[in-house]
Structure formats: structure tokens, C-alpha cells
Amino acid sequence: NIRKRTAEHMVMSKSTSPHVLTAMEVDYERVEQVRKMHKGAWKAEEGFSLTYLPFIARAVADALRDFPHLNASFGGDHLVVHDEVNMAIAVDIEFEGLLAPVVKNVDG
3 NIRKRTAEHM VMSKSTSPHV LTAMEVDYER VEQVRKMHKG AWKAEEGFSL TYLPFIARAV
63 ADALRDFPHL NASFGGDHLV VHDEVNMAIA VDIEFEGLLA PVVKNVDG
């Protein structure tokens, strides 16, 4: 059952990863200009709307590449810094529930 597996993974994550929240204000004016400029062509070519998600994902990928200690996990009593920048993006599939496929090497 996918809900049971999701719950198990959330509990495991909570017990093995530090959970921190940082909030900051971001000026999205240039991103909005680019999105508006390309949204019609994007919709025609891809068949769905251009959202902010690709811009956010790119910013996160760049930050993880530039600050490798943020792309790490705990390995027992030490920090394991990962060479690859992989990103899971949660998507809600009506017939299967919430899934988080992993996009590998998002910084390359």
C-alpha cells in the first residue's frame, strides 16, 4: 500500500535527517517576465502550462552544486557529501496517489 510506505519513509526521514525551515523574501520579477514571455510557446509545445516549479528547481540545483555540504546526509556519525545532485519532486497522480520520482543529476 503506497500510503503505508509513504508513512514509513516519513517516519524514517524524521528520525535520520535534520529538519530545518528557513524563510526569505525573493524578488521574482525577472522570473515572472521570462515566464510570461515563454508561456504561450511552452503551452503550445508541451501541452501544459509553464509554472514556477522549473525555475525553483533550477535555483535549488544550482545552490546544491555551489554549496555541496547542503547536498549531504548522515552516515552513522559522519556527514556524507554526495557528488550527484538528485532531486525528488512530489506529484499527485489521481489513480496512484502522491509519488516523488527522482530526477538524477539535475545540476548537469
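Okay, so the sequence shown: first residue is 3 according to my numbering, each after it adds one. Note that the Cβ used here is the ideal one computed from N, Cα and C, for glycine as well. Here the structure is a predicted model, which is why all the values come from computation and not from measurement.
DSSP, read as helix, strand or coil, puts Asp94 in strand. When C-beta atoms of the region 78-90 are compared with those of the region 63-70, three or more pairs fall below 8 Å, so the two segments count as touching. Looking only at Met12, Phe57, Ala9 and Asn3, the smallest Cα-Cα distance to Asp109 is reached by Phe57. Sixteen is the threshold: since fewer than 16 other Cβ atoms of the shown chains lie within 10 Å of the Cβ of Val28, the residue is exposed.
Between the region 4-13 and the region 96-107, the count of C-beta pairs closer than 8 Å reaches three or more; the two stretches touch.
Within the same chain, Val104 and Lys106 come within 6 Å of Asn88 by CB-CB distance, once the 5 residues on both sides are set aside. Taking 8 Å as the cut-off, the beta carbon of Phe76 is found closer than this to the beta carbon of Thr18.
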